Each structure stands twice: as C-alpha cells, then as structure tokens.
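Asker: Quick one: structure below, then a few questions.
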Amino acid sequence: MIQIQHLIKAYNKEIVLNIPELTIRQGEIFGLVGNNGAGKTTLFNLILDLITASKGEVISKGIRVRESEDWKDFTGAFIDETFLIGYLTAEEYFGFIAGLRRLTKAETTAFLEKYTDFFNGEILGKKKFIRDFSKGNQKKVGIVAALMGKPEIVVLDEPFANLDPSSQYKLRKLIKDFAAENGTTFLISDHTLDNIADVSTRLIILEKGHIVRDVPKTETTLQEIEAFFKPVVEADVF
Amino acid sequence: MNPTLFTLAWRETIRSAYWGKSLATNIGLGFLALYFSASFLVLGFAIPEILTKDFPDTDPVSKFNSILLAYLGIDLIVRQLMQKLPTVSFKPLLLQNIRRRTIADYLMIRSVFNFFNVLPFFLLIPVTIKLVAETHSGTATAAWFLSLLILIFSNHFLAIYLKWRFNEAEYGFFILLAALAGLFAVNHFGIIDLSGGLGKLLDWVLVNPALSIGFLLLPVLFYLLNVQFLLSRMFVNLVSGKQKAEQVRDYSWLDKLGETGRFIALELRLIWRNKRPRSVAMMTVLMLAYGLLIYRTEPGKPAPEFIFILGGIIIVGMFSISYGQFFPAWHSNYFSMLMCQRLKMKQFLQSFYMLVTVVSVACYFLSLPYAFIHTKIIYTHLSMLFYNLGVNIPLLFFIGLYSKKRLDLNQSSVMNYQGVGAAQWLVGLPMFLIPIGLFYLFKLPFGIVGAYAALGVLGLTGILLHPVIIRFFARKYLKQKHQLIKNYKNS
Numbered sequence: 342m343i344q345i346q347h348l349i350k351a352y353n354k355e356i357v358l359n360i361p362e363l364t365i366r367q368g369e370i371f372g373l374v375g376n377n378g379a380g381k382t383t384l385f386n387l388i389l390d391l392i393t394a395s396k397g398e399v400i401s402k403g404i405r406v407r408e409s410e411d412w413k414d415f416t417g418a419f420i421d422e423t424f425l426i427g428y429l430t431a432e433e434y435f436g437f438i439a440g441l442r443r444l445t446k447a448e449t450t451a452f453l454e455k456y457t458d459f460f461n462g463e464i465l466g467k468k469k470f471i472r473d474f475s476k477g478n479q480k481k482v483g484i485v486a487a488l489m490g491k492p493e494i495v496v497l498d499e500p501f502a503n504l505d506p507s508s509q510y511k512l513r514k515l516i517k518d519f520a521a522e523n524g525t526t527f528l529i530s531d532h533t534l535d536n537i538a539d540v541s542t543r544l545i546i547l548e549k550g551h552i553v554r555d556v557p558k559t560e561t562t563l564q565e566i567e568a569f570f571k572p573v574v575e576a577d578v579f
Numbered sequence: 449m450n451p452t453l454f455t456l457a458w459r460e461t462i463r464s465a466y467w468g469k470s471l472a473t474n475i476g477l478g479f480l481a482l483y484f485s486a487s488f489l490v491l492g493f494a495i496p497e498i499l500t501k502d503f504p505d506t507d508p509v510s511k512f513n514s515i516l517l518a519y520l521g522i523d524l525i526v527r528q529l530m531q532k533l534p535t536v537s538f539k540p541l542l543l544q545n546i547r548r549r550t551i552a553d554y555l556m557i558r559s560v561f562n563f564f565n566v567l568p569f570f571l572l573i574p575v576t577i578k579l580v581a582e583t584h585s586g587t588a589t590a591a592w593f594l595s596l597l598i599l600i601f602s603n604h605f606l607a608i609y610l611k612w613r614f615n616e617a618e619y620g621f622f623i624l625l626a627a628l629a630g631l632f633a634v635n636h637f638g639i640i641d642l643s644g645g646l647g648k649l650l651d652w653v654l655v656n657p658a659l660s661i662g663f664l665l666l667p668v669l670f671y672l673l674n675v676q677f678l679l680s681r682m683f684v685n686l687v688s689g690k691q692k693a694e695q696v697r698d699y700s701w702l703d704k705l706g707e708t709g710r711f712i713a714l715e716l717r718l719i720w721r722n723k724r725p726r727s728v729a730m731m732t733v734l735m736l737a738y739g740l741l742i743y744r745t746e747p748g749k750p751a752p753e754f755i756f757i758l759g760g761i762i763i764v765g766m767f768s769i770s771y772g773q774f775f776p777a778w779h780s781n782y783f784s785m786l787m788c789q790r791l792k793m794k795q796f797l798q799s800f801y802m803l804v805t806v807v808s809v810a811c812y813f814l815s816l817p818y819a820f821i822h823t824k825i826i827y828t829h830l831s832m833l834f835y836n837l838g839v840n841i842p843l844l845f846f847i848g849l850y851s852k853k854r855l856d857l858n859q860s861s862v863m864n865y866q867g868v869g870a871a872q873w874l875v876g877l878p879m880f881l882i883p884i885g886l887f888y889l890f891k892l893p894f895g896i897v898g899a900y901a902a903l904g905v906l907g908l909t910g911i912l913l914h915p916v917i918i919r920f921f922a923r924k925y926l927k928q929k930h931q932l933i934k935n936y937k938n939s
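Structural data, given as structure tokens:
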C-alpha cells in the first residue's frame with residue numbers, strides 16, 4: 342500500500358528521519374511509537390506531502406506523493422488541531438469535508454450517526470464553534486472527519502492524547518471495527534503503549550529517526566515495547 | 449520597573465520568525481516616519497508666519513491655542529487607525545511571582561515609546577521657540593510647553609484605552625467617529641465654543657504658569673482607566689474565549705453554486721465569525737463614504753485627476769485590497785488540512801475571485817450617487833472597477849505566494865491585537881500608486897478620457913484572461929505549498 346524508499350529528512354544537515362526501506366501492506370494497522378523527536382510526525386508529514394524529503398520518496402498505492410495529488414482521493418488524515426477550522430460548528434466542518442469527499446447530505450448524516458456513542462452527545466447539535474470545544478472534543482471531530490468517505494489509508498497522529506479514559510477505549514474499538522469493515526490501512530502513532538499495542542497489527546519503534554524494532558503484534562508485544570522504553574534501573578549495591 | 453519584562457519583550461520580537469523577513473515593511477514604515485517628521489518640522493516653522501499673515505487682528509499664540517483641540521481630535525482618530533497596542537503574552541507570567549499590576553504598568557510604560565508621541569514635538573518645538581518664547585517669559589513658555597506635553601500624553605493614554613475597548617466591540621470606533629463629528633458640529637455652529645474653551649485655558653496658563661499642573665489630572669485619570677481595564681482582562685478564561693452559544697447563520701443556500709459555492713460559504717463564515725476580517729468588511733462600508741471627503745468641489749477649482757483614480761480604487765476596491773492582501777493567510781490556521789484534501793487549488797482561487805468580484809461590483813453601484821457631484825464618476829469608477837478586478841487581483845495573488853505570517857483567527861478578540869498597526873496599510877500602496885502612474889502615462893498620448901479608457905481596457909483584458917491567470921497561479925501555489933506551510937508553522 343505504502344512504499345518508502347531511501348527516505349531521509351534533514352534540517353541543517355541534522356538527519357531527523359532516515360528510513361532505507363519500509364513497506365506498509367493493505368489492511369495493516371501500523372502503530373508507531375517513539376520518544377519525542379523520534380521522527381513520528383515527520384514521517385506522517387512526508388507521507389502526506391506536507392513537507393519535502395531531503396532524499397528518497399513515498400509511494401502511496403503506486404502514486405509518488407511528491408509528483409501527483411491523486412493520493413488525496415483515498416487518504417484521510419488528522420495530525421493536530423490545525424487540521425480543524427475553528428470558526429465552524431462541528432456540523433459545518435463535517436459538511437465541508439463531506440463536500441470535498443463527494444458525500445451527499447444523506448450519506449453524511451448516516452455516517453455521523455455511527456459515531457453518536459463516540460461523540461457522547463457533546464459534539465453535534467451544539468451551537469458552538471470548534472475553537473470553543475475542549476481539546477478532547479476537538480480531537481474527536483478531527484478523527485471522525487478523517488474517516489469520512491471511507492478512505493483506504495487513514496493517518497492519525499497521537500489520536501489517543503487528550504481523550505478521556507472511556508473515549509480512549511471507544512476509540513480502540515472504533516479503529517479496529519472500521520479497519521475490519523473496510524479493510525482500511527491505518528497509520529497511528531501514540532505515546533500510550535497499551536493503547537497502541539491494543540489496536541495495532543504491526544508495531545514499529547522509531548528512535549532518533551531510525552527504525553529500531555519492526556514486529557507483528559503478538560501476546561508479548563506490549564511487554565517488549567514497555568521493556569524497551571523503561572529506563573534501566575541500577576543494580577542494588579547492598 | 450521590572451527589567452526582565454523588557455528583556456522578554458525584546459526576545460519575543462527578535463526571535464519571532466517574522467523578524468527580518470519584514471525588512472521591506474520596516475523600510476517603508478521608516479520612510480513614512482521620516483516624511484511625516486519632516487512635514488511637521490516644516491509646518492512648525494511656517495506656522496508663526498501663517499498665523500500672523502492670515503489672522504492679523506488676533507494674537508497668534510491664542511489663535512494657535514484655540515485650534516489645538518481640533519488637532520487633538522484628529523490625532524485621536526489617526527492613533528486609532530495607526531498606533532500599535534503594546535502586547536505581552538501574559539499567560540506564562542500569570543503563574544510566576546509577579547503581580548498583575550506590574551504587568552499592567554509595564555504594558556502602559558512600554559506603550560509610551562511610540563512614534564506618535566514623538567511626532568507632535570517636531571511641530572511643537574519650533575512653534576514654542578519661534579512664536580511663544582518671542583512674546584512670553586521663560587517660565588510662562590515652559591509652563592505652556594509642559595501643558596501641551598501633558599495633553600499629548602493624555603491623548604495617548606485615552607487613545608490606547610479606546611483602542612482596547614474597540615478591540616472588543618468594533619462598532620466603538622464608529623461611535624467615536626460619530627461623537628467627534630457631533631462635537632465638531634456643536635463647535636462649528638457655535639453652540640458651545642469647545643475649541644475656544646481649551647484655547648482660553650491655555651491662554652491663562654501663559655498668565656499663571658502654575659495652572660499647568662492642573663492638566664496632570666487627565667493623563668493620570670486615563671492611565672488608571674487603562675490599568676483597571678487590563679487588570680480585569682488578565683485572566684486565562686478570557687484568553688481562550690468565552691463559552692457561549694454562538695449565533696449560527698445558515699449559508700447552505702450557497703451549496704447550490706456547487707464546488708465554488710462551498711468555498712464562498714467558507715469565506716463568508718470566515719469574515720462574519722472572526723474579528724479581523726469582520727473589521728475589514730466594516731471598513732469597506734465606511735470607505736463608501738470616502739468620496740464625500742475627496743470629491744468635494746470648490747468653485748473654480750477642478751479636482752485633480754489622480755483624486756478620481758484614488759477615489760475609484762478605494763471606494764470600489766477597498767474590500768479586495770484589504771481582504772486580499774492577506775490571501776491566503778486567512779486560511780493559514782488550517783492550511784495543511786486543506787492541502788491534504790481532494791481540493792482543486794483552482795477552485796480555491798476561483799472562489800476568492802468570485803467573492804471579490806461580487807463585492808466590488810456592488811460597491812460600484814453603491815458609489816454611483818457620487819455622479820451627482822461629478823458626472824464623470826460613472827465612467828471613472830467603472831474604469832477603476834475593471835482595473836481592480838483585472839490587474840490588482842492578479843497582483844494580490846502574486847503577493848499571496850510569498851505570504852509569511854500566520855493569522856491567528858482562533859484566538860478570541862480579547863488581547864488579540866494582531867495586525868492593528870500602520871504596517872498593514874503599507875501593502876496597499878502599490879495598488880493605488882501604480883494606476884495613478886499609469887494614468888498619467890496614458891494621458892500623454894490619449895488624453896484624459898482616453899487614459900481612463902486605457903486603464904479600463906487593461907483591466908478588461910485581465911478579466912477576460914482570468915481563467916488563464918487563475919490556472920497559472922493555481923500551478924504556482926501548488927509549487928509553493930511546502931514553503932507556505934513552513935512559513936505559517938514558524939510564525
């Protein structure tokens with residue numbers, strides 16, 4: 342689905358991302374973990390052609406994202422709250438995105454209905470602009486908007502951050518169900534290891550711009566990545 | 449005074465990504481400052497002569513005193529439009545061991561260092577030396593000078609206070625205009641001689657220098673008003689916007705216009721629901737009245753032609769220039785989202801073009817009553833309408849390619865003073881100056897009417913070619929997108 346070849350991003354000769362080769366297959370829920378500055382958002386921005394690579398390229402479903410814009414037809418994304426239009430209400434925003442993704446009004450309503458539980462009655466029907474929403478509710482709007490029009494690839498950067506505990510559980514289920522139903526490829530990053538270990542089918546650890554682990558999810562994956570990130574405790578001398 | 453706050457402000461300025469990139473703006477502003485200083489200086493030296501020549505019967509000093517109120521009134525309006533408000537990102541300071549009052553005092557003290565508080569002295573010093581000191585004792589002159597200094601600074605604090613207020617309720621500026629016009633009328637028709645009142649007061653100061661201390665009450669009062677206002681606003685909940693049910697207007701009828709309509713609906717919501725574009729729209733309405741100011745006829749003196757060009761561009765094109773100079777930065781907050789969507793850059797430009805066209809044409813028809821003053825306005829404005837749509841808008845698209853600064857629309861209006869200074873007027877200059885230059889160029893071979901026709905034809909060509917122009921810029925914008933995303937992220 343997505344092929345990455347010799348991808349390097351450098352700022353002032355400092356390499357922040359260096360991926361010689363990476364292939365993401367269709368239907369994978371691709372989980373990306375790594376400490377701050379590991380290059381997670383950089384990778385997503387490169388896949389979405391929001392920044393230019395210093396070297397190498399991203400090929401999404403056979404399309405070089407740098408050269409053609411056709412990847413937009415099958416890609417949905419939510420990176421951060423700058424993806425939202427603050428002066429619209431949630432309905433207006435969904436309507437705007439729906440228009441760009443060629444959904445009719447009826448389709449939009451039917452689509453949004455599926456997320457009533459996730460929205461928890463705090464999103465729709467409020468006479469409130471998105472800029473006045475809480476961080477968590479803004480995130481919910483962005484995530485659901487990224488799913489509109491059944492994209493084949495969905496990119497979500499830290500979708501679990503700022504969500505309340507029940508919403509985090511709902512989001513886990515939501516992602517898994519959506520992928521099972523539509524065969525969607527998800528690219529997700531997050532800092533909460535148990536969330537990402539739960540939803541992903543394949544886990545990647547990025548460190549200082551390099552891939553240091555690339556494993557399919559098994560029973561023990563969570564322990565493995567937890568062990569990776571845990572600081573080494575000095576042995577007791579006494 | 450706390451010096452760390454000044455260090456903070458200094459770092460905020462020089463470390464903003466915008467600093468240094470705005471060299472052209474700074475040069476332009478510096479040039480304007482020099483120009484006005486020089487004009488005031490020349491005027492200052494000329495005033496004693498003008499007063500003795502034009503009013504031989506009255507004492508020139510008291511004549512000067514009696515027109516000062518008018519100066520202060522105009523100064524107040526100009527400050528509203530041009531003077532920048534002092535700002536500090538106070539949110540990180542609130543949790544620190546620093547008193548709110550200190551922050552407020554700091555802001556007020558910093559506000560004093562402003563060009564508008566220096567400018568009057570270019571006029572005042574020559575007048576003091578050449579006019580007042582000639583006929584009065586040293587003490588009297590000093591007291592008089594002190595009184596004026598105090599008046600200038602009280603005007604400064606009043607202006608800042610009003611500006612802070614108007615920033616929350618933008619109709620305030622129009623109320624101020626109406627109030628000043630009312631006072632002018634009261635004064636002009638001799639109901640109450642306000643201007644003469646201040647004049648007499650200043651005359652007394654020359655007799656009893658001790659009176660000048662009394663003026664101190666004004667700046668102290670305005671200063672305290674400011675501080676009280678700032679203290680009441682320095683809370684976090686006001687920074688992140690009030691949680692209230694918003695009036696949500698329905699623009700769904702625009703969906704009938706198809707793809708372009710959807711973007712026009714977005715632009716309309718943008719204008720209506722955000723303070724800054726809204727004040728641009730209000731300025732457009734206000735500028736319709738600009739003709740009353742410049743199209744006045746004096747018998748025997750025909751207005752120079754450039755007045756008609758200027759009037760035409762401002763009245764018909766105000767919206768496109770003031771709104772268009774920040775294209776596409778109005779959408780900077782969510783620009784990367786737009787760039788991830790299946791949207792045609794062409795439609796994005798097209799919808800802006802259509803919106804501006806509709807508004808400009810509407811302004812043209814609304815400006816037609818000026819034909820009662822000068823019949824030729826029917827065609828001068830038409831020529832400027834064509835020129836504006838055909839030449840200025842492509843120019844704005846071009847400028848937009850290099851837009852650097854993100855406009856923060858999401859911040860609520862409280863404490864958001866982005867773009868309320870003189871710099872934002874500067875970008876418009878070429879839009880006015882180029883057609884004036886072209887006009888005089890065309891006038892040589894074609895004559896006056898011919899020159900208007902030539903400008904109109906030039907514009908019409910641009911309008912007819914607009915599909916080509918928009919396609920051209922759509923390609924340019926796509927190439928420029930990474931740079932724009934980067935600029936908006938870093939500012």
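Protein sequence lines correspond, in order, to chains W and P. Letter by letter, the first sequence follows residues 342 to 579 in this note's numbering. Letter by letter, the second sequence follows residues 449 to 939 in this note's numbering. Just so you know, even glycine gets a beta-carbon here, dropped at the ideal spot from N, CA and C. The structure presented is a predicted model; accordingly, all values stated were derived computationally and were not measured.
State buried or exposed for Asn376(W), treating a residue as buried only when at least 16 other CB atoms are found within 10 Å of its CB.
Answerer: It is exposed - the Cβ of Asn376(W) has fewer than 16 other Cβ atoms within 10 Å.
Asker: Could you check how far apart the C-beta atoms of Leu497(W) and Phe527(W) are, in whole angstroms? I think they sit under 8 Å.
Answerer: Correct: roughly 7 Å between the Cβ atoms.
Asker: Is there at least one Cβ from chain P nearer than 8 Å to Ile388(W)'s Cβ?
Answerer: By this cut-off, Ile388(W) is not an interface position.
Asker: DSSP three-state call for Ala636(P): helix, strand or coil?
Answerer: Checking the sequence shown, residue 636(P) turns out to be His, not Ala. Note: His636(P) maps to helix in three-state DSSP.
Asker: Would you check if the stretch 674-683 of chain P and the stretch 394-411 of chain W touch, i.e. whether three or more CB-CB distances between them fall below 8 Å?
Answerer: Because the criterion of three Cβ pairs below 8 Å is not met, the stretch 394-411 of chain W and the stretch 674-683 of chain P do not touch.
Asker: Is it true that the stretch 808-827 of chain P meets the stretch 842-853 of chain P, where meeting means three or more beta-carbon pairs spaced less than 8 Å apart?
Answerer: No, the stretch 808-827 of chain P is not in contact with the stretch 842-853 of chain P.
Asker: Closer than 8 Å, CB to CB, is His930(P) near chain W or not?
Answerer: Closer than 8 Å: yes.
Asker: Could you tell me the distance, in whole angstroms, from the CA atom of Pro805(P) to the CA atom of Tyr835(P)?
Answerer: Going by the sequence as given, residue 805(P) is Thr instead of Pro. Distance between the alpha carbons of Thr805(P) and Tyr835(P): 12 Å.
Asker: Using a Cβ-Cβ cutoff of less than 8 Å, which residues in the same chain neighbour Asn603(P) once the five nearest sequence positions on both sides are dropped?
Answerer: The residues are Leu520, Asp523, Leu524, Arg527.
Asker: What residues match up with Phe419(W) in a beta bridge as DSSP calls it?
Answerer: Bridge partners of Phe419(W): Leu497(W).
Asker: Compare the Cα-Cα distances from Ile420(W) to each of Glu522(W), Gly427(W), Ala487(W) and report the closest residue.
Answerer: Answer by Cα proximity: Ala487(W).
Asker: Could you list which residues in chain P have their beta carbon closer than 9 Å to that of Arg442(W), in chain order?
Answerer: Within chain P, the residues near Arg442(W) are Gln789, Arg790.
Asker: How many Å lie between Ile471(W) and Glu422(W) at the Cα?
Answerer: Cα to Cα, the separation comes out at about 10 Å.
Asker: If we ignore side chains and look at the alpha-carbon of each, how far apart do Ile345(W) and Val482(W) end up?
Answerer: So the alpha carbons of these two residues sit roughly 30 Å apart.
Asker: Is there contact here, the stretch 491-501 of chain P with the stretch 566-575 of chain P, by at least three beta-carbon pairs under 8 Å?
Answerer: They touch, by the three-pair rule.
Asker: Are the C-beta atoms of Gly403(W) and some chain P residue less than 8 Å apart?
Answerer: Not closer than 8 Å to any Cβ of chain P, the Cβ of Gly403(W) fails to qualify, so no.
Asker: For a contact meaning CB atoms closer than 8 Å, what does Tyr428(W) contact in chain P?
Answerer: The contacting residues are Arg717, Leu718, Arg721, Asn722, Leu857, Asn858.
Asker: Along the alpha helix (DSSP H) that carries Pro893(P), what are the first and last residues, could you check?
Answerer: First-last of the alpha helix (DSSP H) with Pro893(P): 877-912.
Asker: Give me the Cα-Cα distance between Gln691(P) and Phe474(W), rounded to the nearest whole angstrom.
Answerer: Note that Gln691(P) scores 45 on pLDDT, short of 50, meaning its location in the model is unreliable; the coordinates nonetheless yield the value given after this. One C-alpha to the other measures close to 9 Å.
Asker: Use the C-beta contact count for Asn474(P): other C-beta atoms within 10 angstroms, 16 or more gives buried, fewer gives exposed.
Answerer: Asn474(P) is exposed by the Cβ-count criterion.
Asker: Which partner residues of Asp390(W) appear in the DSSP bridge assignment?
Answerer: The partner list for Asp390(W) (beta bridge, DSSP) is empty, contrary to what the question assumes.
Asker: Would the C-beta of Pro496(P) count as close to the ligand COA, meaning under 7 Å from any of its heavy atoms?
Answerer: Only the bare structure without any ligand can be found here, which leaves the ligand COA out of the picture.
Asker: When the Cα atoms are used, what is the spatial distance from Gly772(P) to Ala627(P)?
Answerer: Going from the Cα of Gly772(P) to the Cα of Ala627(P) covers about 31 Å.
Asker: Should the stretch 770-787 of chain P be regarded as contacting the stretch 893-911 of chain P, the criterion being three or more beta carbon pairs within less than 8 Å?
Answerer: As far as the Cβ criterion goes, the stretch 770-787 of chain P does not touch the stretch 893-911 of chain P, which means the pair count is below three.
Asker: Return the chain-ordered list of same chain residues with a C-beta closer than 6 Å to the C-beta of Phe632(P), the five sequence neighbours on each side being excluded.
Answerer: Excluding sequence neighbours, Phe632(P) sits near nothing in its chain.
Asker: So Ile426(W) and Met489(W) are in contact, right, with Cβ under 8 Å, and what is the actual spacing, rounded?
Answerer: Not really, about 14 Å apart at Cβ, beyond 8 Å.
Asker: For the pair the stretch 386-398 of chain W and the stretch 349-361 of chain W, tell me if three or more CB-CB distances fall below 8 Å.
Answerer: In short, these stretches touch, since the Cβ pair count reaches three.
Asker: Are the stretch 638-655 of chain P and the stretch 510-519 of chain P in contact at 8 Å, needing three or more beta carbon pairs?
Answerer: Output reads yes: the stretch 510-519 of chain P touches the stretch 638-655 of chain P.
Asker: Mark Pro506(W) as exposed unless 16 or more other C-beta atoms lie within 10 angstroms of its C-beta, in which case mark it buried.
Answerer: It is exposed - the Cβ of Pro506(W) has fewer than 16 other Cβ atoms within 10 Å.
Asker: Decide if the stretch 356-372 of chain W is in contact with the stretch 546-566 of chain W; the criterion is three or more beta carbon pairs, one per stretch, under 8 Å apart.
Answerer: Result yes; three or more Cβ-Cβ pairs closer than 8 Å.
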